[in-house]
């Protein structure tokens, strides 16, 4: 089991709900979604990916034109 249970417990917390409303996808990421990007970047498929920042933020930075919001 992953951190999905923690996500379920906190998903209704007011601060999480408020943050999720600003994300274009309308929700926070689950741990597996973040892990799949990390796995891709660590693997041979990303062998030609270099010198870039890859936001995994549900479209937040693209929609607002701003980098990730600090906690």
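Residue numbers (my numbering): 29 to 99.
Glycine included, each C-beta is placed from N, C-alpha and C at the ideal position.
Keep in mind it's a predicted model, so treat the numbers as computed, not measured.
Beta-carbon contacts of residue i that lie in its chain and below 6 Å, excluding the five residues immediately before and after
| i | result |
| --- | --- |
| residue 51 | 86 and 88 |
| residue 30 | Note that residue 30 has pLDDT 46, beneath the 50 cutoff, so the model's placement of it is unreliable and the number below is only indicative. Here the set comprises 59. |
| residue 91 | 52 |
Neighbourhood of residue i by C-beta distance below 7 Å, restricted to the same chain and skipping five residues each side
| i | result |
| --- | --- |
| residue 54 | 48 |
CB contact flag (residue i, residue j, <9 Å)
| i | j | result |
| --- | --- | --- |
| residue 56 | residue 65 | no |
Residues near residue i by beta carbon distance below 8 Å, same chain, minus five either side
| i | result |
| --- | --- |
| residue 69 | 77 and 82 |
*asked:* Give the list of continuous alpha helix (DSSP H) stretches no shorter than 4 residues that lie fully inside the segment 32-83.
replied: Within the segment 32-83, the complete alpha helix (DSSP H) runs of at least 4 residues are 32-38, 42-50 and 59-70.
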